[in-house]
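Chemist: Provided herewith is a single structure, encoded as structure tokens, for subsequent inquiry.
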Amino acid sequence: MSLPKVTQVRRLDAGSMHLPSHLFISEAPPSGENERLSPSMAWLITHPSQGHILFDLGLNKDTSTYPPAVQHRLKTVISTDVSLDVFDSLKAKGVEPEDIKWIILSHLHYDHTGVPKRFKNAKVLVGPGALSLLTGDTAYPKDPESIYDSDLFLPGQATELPAPESNPLDESGQPFWERVGPFPEAHKLFAENWIYIVNSPGHLAGHINLFVRASSNKWVFLAGDTCHDVTILDGTSDVAFYPDPSGKGMKCAHQDNEEAEVHLKRVRKFRDMGVEVILSHDWRWMDQNADRFQ
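Residue numbers (numbering that gives the first Met the number 0): 0 to 293.
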């Protein structure tokens, strides 16, 4: 298959989840009345010189390979529908796992990580601090209650981007992180100004977004789990807080909601500038745009 003259962006079906809205949106009705089938979007980005890149991998068809804590969650809180995973979707587009050169993971929650080990030729990029979730005594199996699998990647497969506060020079001698629009920390992935990784703190350690040129005159912002419903992005709903099952007070979908809110405001500014913002689990966007980015 010939490569495009500019970056090509295609959405991949990579499973869906029945998300209880009351865990994400403060105005949602009580449990049992509010589930939405929400996509776990993955994206195939084809670069003229760098080949095929994936942004997120969606869900794993074989849920038995998840850590026990994830399997329990999928049985008791969130159910999945993975009739098509990222491998099925790639095959339908004539792309094999061996053809993928890069994988960029928005973060390391199980509904975004898929099965990276099957992409044996791919280099995986994760955000600052992400790999700490997979090491030490807090990852599975050392911690049997952890949702993070220390065996997620092939040896040496994943590279963590540097912390913004260190901001080393990149291969061209420029600061690794630079300002792009409202975002103080963005990294140009290749020489062309076509793909930027945006540091997006708040949701989870290492959460990153992608700002990518989708055609000669259009850019899109792939916002990962910046929020879990477009009404939060619009400002018509708030993030839900609910009792932590561990008894440690209240919790929400984000590790640090204050940081997440700062990032969300920046994303809103970008959207107001005319950039299309796509959330990973936006069922409304999917209903209206299923035929786009194919």
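Note that CB positions come from ideal geometry on N, CA and C, so glycine has one too. The model shown is predicted, which means the values in this text are computed figures rather than measured ones.
#1: Please classify T112 as buried or exposed, where buried requires at least 16 neighbouring CB atoms within 10 angstroms.
#2: With DSSP collapsed to three states, give me the class of L221.
#3: When burial is assigned at 16 or more other CB atoms within 10 Å of the CB, is S279 buried or exposed?
#4: Could you give the DSSP three-state label for K122: helix, strand or coil?
#5: Excluding the five sequence neighbours on either side, which residues of its own chain have a C-beta within less than 6 Å of the C-beta of D98, listed in chain order?
#6: Out of K116, L83, S165 and D12, which has the shortest C-alpha to C-alpha gap to N288?
#7: Looking at H206 and D224, is the spacing between their C-beta atoms short of 8 Å?
#8: Could you spell out where the beta strand (DSSP E) holding M16 opens and where it closes?
#9: Three-state secondary structure (DSSP) at N256?
#10: Identify every run of the beta strand (DSSP E) within the segment 114-198, keeping only runs that are complete inside it and at least 3 residues long; order them along the chain.
#11: When the Cβ atoms of the segment 61-69 are set against those of the segment 141-150, are three or more pairs found closer than 8 Å?
#12: In the structure shown, what three-state DSSP assignment does P66 receive?
#13: Whose C-beta lies closer than 7 Å to the C-beta of M249 among residues of the same chain, with five residues either side of it excluded?
#14: Going by C-alpha distance, which of D148, A129 and L130 is nearest A138?
#15: Taking the beta carbon of R212 as the centre, do at least 16 other beta carbons fall within 10 Å, making it buried, or is it exposed?
#16: Taking contact to mean at least 3 C-beta pairs separated by less than 8 Å, is the segment 120-139 in contact with the segment 91-111?
#17: Alpha carbon to alpha carbon, what distance is there between L18 and L73?
#18: Rounding to the nearest angstrom, what Cα-Cα distance links F292 and C226 in this structure?
#19: Compute the Euclidean distance between the alpha carbons of P154 and K119, then round it to the nearest angstrom.
#20: Could you pull out every residue in the same chain whose Cβ sits closer than 7 Å to the Cβ of Y109, ignoring the five residues on either side in sequence?
#21: Terminal residues of the continuous beta strand (DSSP E) containing I294?
#22: Determine the DSSP secondary structure at K100, reduced to helix, strand or coil.
#23: Assuming L221 and N208 are in contact, meaning their beta carbons sit under 8 Å apart, how far apart are those beta carbons, in whole angstroms?
#24: DSSP three-state label for R9, please.
#25: Compare the C-alpha of D55 against each of G273, S131, V8 and S39 and name the closest.
Modeler: According to the data block:
#1: buried
#2: strand
#3: buried
#4: strand
#5: Within the same chain, H51 come within 6 Å of D98 by CB-CB distance, once the 5 residues on both sides are set aside.
#6: D12
#7: yes
#8: S15 to P19
#9: Note: N256 maps to helix in three-state DSSP.
#10: 122-125, 157-159, 177-179, 182-187 and 194-198
#11: yes
#12: In the three-state reduction of the DSSP assignment, P66 falls in the coil class.
#13: F240, Y241, P242 and D243
#14: D148
#15: buried
#16: yes
#17: Whole-angstrom Cα-Cα distance: 10 Å.
#18: 22 Å
#19: 11 Å
#20: Sequence-distant partners of Y109 (beyond 5 residues in either direction) whose C-beta falls short of 7 Å from its own C-beta, in its chain, are Y65, V69 and I146.
#21: Because the chain in this structure spans residues 0 to 293, residue 294 falls outside the shown range and cannot be described.
#22: strand
#23: 6 Å
#24: strand
#25: Closest in C-alpha terms to D55, from the list G273, S131, V8 and S39, comes S39.
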